[in-house]
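Inspection log for the structure reproduced underneath, given as C-alpha cells.
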Amino acid sequence: MTTLVLLSLLGFLVLFLGAFEQKKAILPVVIAGLSAAFVTNALSWDTSQTFYGMMRYDNYAVSFVGLMIFSVLMIMLLASYHFRNEDSHIADIYALMIFTLVGGLVMVSYASLVMLFVGIEILSIALYILAGSRRMNLSSNEASLKYFLMGAFASGFLLFGITLMYGVTGSFDLLVISDYVNGNEELPMLFITGVLLILIGFSFKIGAVPFHFWTPDVYQGTPTLITAFMATVVKTAGIAAFFHLFDICFSAIDGVWFNILWVIAAATILLGNVSAVMQNEAKRMLAWSSVAHAGYLLIPVLALNELSASAIFYYTAAYSVASISAFAVLLGISQFSNEMPVDQYKGLAKNNPIMTTALVIAMFSLAGIPPLAGFFGKYFVFVTAMESNLNIAVIIAIAGSLIGIYYYFKPVIFAFNQEVPPIEKIKGNAAFNFVLFAGIIISLIIGIFPDLLANLPGN
Amino acid sequence: MLGFPRSELQIMEVQGSEYLPLLIQLVFAFGFVAMVLIITHLIGPKRKSAKKLESFECGIESQGNARLPFSIKYFLTAILFVLFDVEVIFFYPWATNFREFGLQGFIAMFIFVALFLLGFLYLFRKKAFTWD
Numbered sequence: 018m019t020t021l022v023l024l025s026l027l028g029f030l031v032l033f034l035g036a037f038e039q040k041k042a043i044l045p046v047v048i049a050g051l052s053a054a055f056v057t058n059a060l061s062w063d064t065s066q067t068f069y070g071m072m073r074y075d076n077y078a079v080s081f082v083g084l085m086i087f088s089v090l091m092i093m094l095l096a097s098y099h100f101r102n103e104d105s106h107i108a109d110i111y112a113l114m115i116f117t118l119v120g121g122l123v124m125v126s127y128a129s130l131v132m133l134f135v136g137i138e139i140l141s142i143a144l145y146i147l148a149g150s151r152r153m154n155l156s157s158n159e160a161s162l163k164y165f166l167m168g169a170f171a172s173g174f175l176l177f178g179i180t181l182m183y184g185v186t187g188s189f190d191l192l193v194i195s196d197y198v199n200g201n202e203e204l205p206m207l208f209i210t211g212v213l214l215i216l217i218g219f220s221f222k223i224g225a226v227p228f229h230f231w232t233p234d235v236y237q238g239t240p241t242l243i244t245a246f247m248a249t250v251v252k253t254a255g256i257a258a259f260f261h262l263f264d265i266c267f268s269a270i271d272g273v274w275f276n277i278l279w280v281i282a283a284a285t286i287l288l289g290n291v292s293a294v295m296q297n298e299a300k301r302m303l304a305w306s307s308v309a310h311a312g313y314l315l316i317p318v319l320a321l322n323e324l325s326a327s328a329i330f331y332y333t334a335a336y337s338v339a340s341i342s343a344f345a346v347l348l349g350i351s352q353f354s355n356e357m358p359v360d361q362y363k364g365l366a367k368n369n370p371i372m373t374t375a376l377v378i379a380m381f382s383l384a385g386i387p388p389l390a391g392f393f394g395k396y397f398v399f400v401t402a403m404e405s406n407l408n409i410a411v412i413i414a415i416a417g418s419l420i421g422i423y424y425y426f427k428p429v430i431f432a433f434n435q436e437v438p439p440i441e442k443i444k445g446n447a448a449f450n451f452v453l454f455a456g457i458i459i460s461l462i463i464g465i466f467p468d469l470l471a472n473l474p475g476n
Numbered sequence: 002m003l004g005f006p007r008s009e010l011q012i013m014e015v016q017g018s019e020y021l022p023l024l025i026q027l028v029f030a031f032g033f034v035a036m037v038l039i040i041t042h043l044i045g046p047k048r049k050s051a052k053k054l055e056s057f058e059c060g061i062e063s064q065g066n067a068r069l070p071f072s073i074k075y076f077l078t079a080i081l082f083v084l085f086d087v088e089v090i091f092f093y094p095w096a097t098n099f100r101e102f103g104l105q106g107f108i109a110m111f112i113f114v115a116l117f118l119l120g121f122l123y124l125f126r127k128k129a130f131t132w133d
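Chains as they are written, first to last, in the numbering used here: chain P, 18 to 476; chain F, 2 to 133.
Structural data, given as C-alpha cells:
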C-alpha cells in the first residue's frame with residue numbers, strides 16, 4: 018500500500034515538475050522515486066495484508082510489482098536517451114508511465130472485481146494517451162485511436178462479465194465468488210456466461226488470438242519507447258491479473274473454460290510465430306512475437322497448478338528483460354525515423370560491439386536458447402504444463418518456438434552481414450549503455466541461476 | 002466486503018423464472034415505444050416541403066454545413082467545465098450528511114478538494130486558461 022501511495026504521489030510530483038519547468042530535476046526524481054517504490058515494495062515481502070477486502074498485497078503481488086517497477090525503471094532510462102532533444106511534454110509522458118504502473122499494481126493485487134476493473138482502466142487510459150504521444154505523427158494518432166476503441170470494447174466485455182458474476186453471487190469479492198463456485202454443484206448459465214465474457218475481455222487485453230487484431234497496428238504506430246512499455250509492463254500486468262482471477266475463483270470449474278482457453282493458447286502461439294516470420298518491419302515483427310509470447314504465457318494459466326504462478330513470473334521476467342534490450346537496440350538504430358525495416362540491422366556488428374551483444378543476447382533469449390533466461394522461462398512453462406498432462410499443448414508450443422528461431426535469428430544474421438557498408442558508431446548516453454549492459458547481464462544471470470527468481474510468487 | 006445487502010441477494014435464488022417480470026417489463030417498454038411511434042406516424046398529417054425538411058426550421062434560412070471546424074479553445078473550455086462541474090455533484094450528498102461524517106468526513110472532502118486545486122494549478126501552469 019505504501020508503494021501505491023508513493024507511486025501515485027511520484028506521478029503528481031513529476032507532473033508539477035513539468036508544469037513548473039524544472040526539466041533538469043525530472044529524471045533524477047523519477048529514478049529516485051521508482052527506486053524508493055522498489056524498496057518499499059520489497060519490504061512488504063511476507064507481510065500479506067488485505068485492505069478493506071479490496072486489495073490483497075501478498076507475495077504474488079510483491080513479486081510482480083517488483084518486476085514491473087524494474088521494467089519501468091529501465092524504460093525511463095531509455096526515455097532519457099530517446100527524448101534528449103525534446104523538451105515539451107516529457108514530464109507528462111513520464112507521469113503517465115508512472116500512472117500506468119499504478120494501474121498495473123492494482124491489477125496484480127486486487128481482491129475484488131471492482132479493483133480489477135479500476136486497475137485496468139487506470140492502466141489503459143494512461144496508455145491510450147501514451148500511444149498517441151507523438152502528436153504530429155499520423156500513425157501514432159491512428160494507434161491511439163485503434164487502441165482506445167479496442168480497449169473500450171474489451172472493457173465492455175469484462176464489465177459485463179463482472180456484472181453477471183455480481184448478479185449471481187451477490188459480491189465482487191474474489192473469496193465469496195470462489196466459495197460460491199466450490200459450494201454449488203451446478204452453476205447457473207448466467208455465471209458461466211460471466212466467466213466466458215471475462216475470459217474474452219482478458220484475451221483482448223493481452224492480445225491473444227482471435228482478439229489480437231489491434232496488436233500489430235498499435236505496436237507499430239506507437240512511439241517505440243511506449244511499444245517497449247506495452248510489450249513488457251502491460252503484458253505482465255495483464256497475464257498476472259488473468260492468472261490471479263482464474264487461480265482463485267475458477268479453478269474448480271475448468272470444464273467451462275478449459276477447451277476454449279486451450280484453443281486460444283494454441284492459436285496464439287502458432288499464428289503469432291507464423292505471422293512474425295512474414296514481417297519485414299522490425300517493430301511489427303516484435304509485435305507479432307509479443308503475441309506469440311502471450312500464447313506461451315497462457316499455458317500456465319491453462320495448467321493451473323501450484324507451479325503456474327512461478328512459471329508465469331519467471332517467464333514474464335525473462336521476456337521483459339529481453340524485450341527491453343531488443344527495443345533499446347531498435348531505438349538506437351532507427352533513432353527518430355518511423356521506418357524500421359529488418360534490413361536496418363545490416364552491418365551493425367562492426368562498429369557497435371555492445372549493441373550487437375545486447376541484440377544477440379536479447380534475440381537468443383526470446384528464441385529460448387540455453388543458457389539464457391528465455392530458455393528457462395519456456396522450460397518452466399513446459400514443466401508446469403506436463404504436470405497437468407497438457408502434452409499436446411507443449412508440442413504445439415515447441416513447434417512455435419522452432420518457428421520463432423527463424424525470425425529471431427534474422428536480425429542477428431543481418432547484424433553480421435559484411436556485404437553492406439557498416440553502420441557508423443551509434444553514440445548512446447550513459448543511461449542507454451547502462452540499459453544495454455543490464456539487459457545482457459540480467460539475461461545471463463537469471464538464465465544461469467534460475468533459482469533466483471523461480472520460486473518467488475508461489476510462497 | 003462491500004456495503005451492499007448481500008444477504009438479501011443470496012436469499013433470492015437465481016433461476017429463470019425470477020427474471021420473468023423483467024422480461025415482461027422489457028416487452029412492455031419496447032411495445033409502448035413502438036406503438037406510439039407507429040400511431041403518430043399513421044394519424045399525423047403529412048406536409049412535406051423543402052423548407053419543412055431542413056435541419057433547423059426557426060424562420061431563418063440555414064447557411065452552410067453544421068460540421069464546421071471550430072476553435073479548440075471552446076473544446077477545452079467545455080471539458081474543463083465538465084470536470085469542475087462534476088466535482089460539485091459530490092458536495093451535495095456530503096453536505097446533507099455533514100454531521101454524521103464528523104471530522105473524518107471533513108478531512109476526506111478537504112483532500113478531495115485539494116486534489117482538484119492541484120489539478121487547477123497544473124492547468125494554470127500549462128496555460129490552459131490563456132486563450133489568445
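Where a beta carbon is used, it is the ideal one built from N, C-alpha and C, also for glycine.
- Message: Under 8 Å, CB to CB, which of the residues in the segment 31 to 45 of chain P have a partner in chain F?
- Response: For the segment 31 to 45 of chain P, the set of positions with a beta-carbon nearer than 8 Å to some beta-carbon of chain F reads Leu-32, Phe-33, Ala-36 and Phe-37 in chain order.
- Can you grab the Cα-Cα spacing for the pair P/Ser-340 / P/Met-357, in whole Å? Straight-line Cα distance between these residues: approximately 16 Å.
- Query: So the alpha helix (DSSP H) P/Thr-210 belongs to, where does it begin and stop?
  - Reply: Unbroken alpha helix (DSSP H) run through P/Thr-210: 206 to 223.
- F/Thr-97 to P/Val-198 span [Cα, whole Å]: Between F/Thr-97 and P/Val-198, the C-alpha separation is close to 41 Å.
- Query: F/Arg-126 touches chain P at which residues, Cβ-Cβ below 9 Å?
  - Reply: What F/Arg-126 touches in chain P: Phe-33, Gly-35, Ala-36, Phe-37 and Glu-38.
- Task: Give the interface partners of P/Phe-165 over in chain F, defined as CB-CB distance under 8 Å, in chain order.
- Result: Simply none; closest approach about 16 Å.
- Task: Could you tell me which chain F residues have their CB closer than 8 Å to the CB of P/Phe-29, listed as they occur along the chain?
- Result: The contacting residues are Leu-119.
- Got a sec, what are the start and stop residues for the beta strand (DSSP E) F/Gln-64 sits in? Segment: none, F/Gln-64 is in no beta strand (DSSP E) and carries neither H nor E.
- Query: For P/Lys-252, which option in P/Cys-266, P/Asp-264, P/Tyr-236 and P/Pro-240 has the closest C-alpha, if you only look at C-alpha atoms?
  - Reply: Selected option, being the one with the closest Cα: P/Tyr-236.
- Sequence-distant residues of its chain with Cβ nearer than 7 Å to F/Leu-116 (five each side left out): Result list for F/Leu-116: empty, nothing under 7 Å.
- Segment limits, beta strand (DSSP E) that includes P/Thr-67: 66 to 68 is the extent of the beta strand (DSSP E) around P/Thr-67.
- Query: Ends of the alpha helix (DSSP H) at P/Met-295?
  - Reply: Note, P/Met-295: premise wrong, no alpha helix (DSSP H); not H, not E.
- Item | Close-in-space but distant-in-sequence residues of the same chain around F/Met-2 (CB under 7 Å, 5 per side omitted) | Note on F/Met-2: pLDDT 39, under 50, position unreliable in the model; the coordinate value appears next. For F/Met-2, where only same-chain residues beyond five positions count, there are no Cβ hits under 7 Å.
- Query: Under the three-state reduction of DSSP, which class applies to P/Asp-468: helix, strand or coil?
  - Reply: Note: P/Asp-468 maps to helix in three-state DSSP.
- Please say whether P/Thr-333 and P/Val-308 have beta carbons closer to each other than 9 Å? Not in contact: P/Val-308 and P/Thr-333 (Cβ atoms no closer than 9 Å).
- Message: Please state the DSSP three-state secondary structure of P/Ser-129.
- Response: It is a strand residue.
- Buried or exposed (CB count within 10 angstroms, at least 16 for buried), P/Ser-141: Counting Cβ neighbours within 10 Å, P/Ser-141 comes out buried, since at least 16 surround it.
- Task: Spell out whether any CB of chain P is found under 9 Å from the CB atom of F/Leu-122.
- Result: It does: the Cβ of F/Leu-122 has a partner Cβ on chain P nearer than 9 Å.
- Message: For the ligand SAM, is there any heavy atom lying closer than 8 Å to the beta carbon of P/Pro-438?
- Response: Of ligands this structure carries none, so the ligand SAM is not represented either.
- Message: The beta strand (DSSP E) that contains P/Tyr-74, what's its start and end?
- Response: It spans 72 to 74 - the beta strand (DSSP E) in which P/Tyr-74 sits, taken as one unbroken run.
- F/Leu-118 versus F/Phe-71, F/Glu-88, F/Tyr-75 and F/Val-83, residue with shortest Cα-Cα distance: When the alpha-carbon of F/Leu-118 is set against those of F/Phe-71, F/Glu-88, F/Tyr-75 and F/Val-83, the nearest one is in F/Glu-88.
- Query: Taking DSSP as the reference, what is the three-state secondary structure of P/Asp-63?
  - Reply: DSSP places P/Asp-63 in coil when its eight states are reduced to three.
- Message: Quick check on this structure: which residue in P/Thr-249, P/Phe-134 and P/Tyr-69 has the alpha carbon closest to the alpha carbon of P/Met-114?
- Response: With distances taken between Cα atoms, P/Met-114 lies closest to P/Thr-249.
- Query: What did DSSP end up calling P/Pro-317 once you bin it into helix, strand or coil?
  - Reply: Helix, per DSSP.
- Item | Whole-angstrom distance between P/Gly-211 and F/Val-114, CA atom to CA atom | Here the alpha carbon of F/Val-114 sits roughly 38 Å from the alpha carbon of P/Gly-211.
- Message: Against chain A, with Cβ distances strictly below 9 Å, would F/Leu-24 count as a contact?
- Response: The structure shown has no chain A; the protein chains it does contain are P and F.
- Item | Runs of alpha helix (DSSP H) lying entirely within the segment 402 to 471 of chain P, each at least 4 residues, in chain order | Every alpha helix (DSSP H) stretch that sits fully inside the segment 402 to 471 of chain P and reaches 4 residues is listed by chain position as 408 to 432, 447 to 465 and 468 to 471.
- Grouping DSSP H, G and I as helix and E and B as strand, with all else coil, what is P/Pro-227? DSSP, read as helix, strand or coil, puts P/Pro-227 in coil.
- Message: I'd like the list of long-range same chain contacts for P/Ile-443, defined as Cβ closer than 6 Å, with 5 residues on each side in sequence excluded.
- Response: Excluding five sequence positions before and after P/Ile-443, the CB atoms of its chain that fall closer than 6 Å to its own CB belong to Gly-349 and Asn-369, given in chain order.
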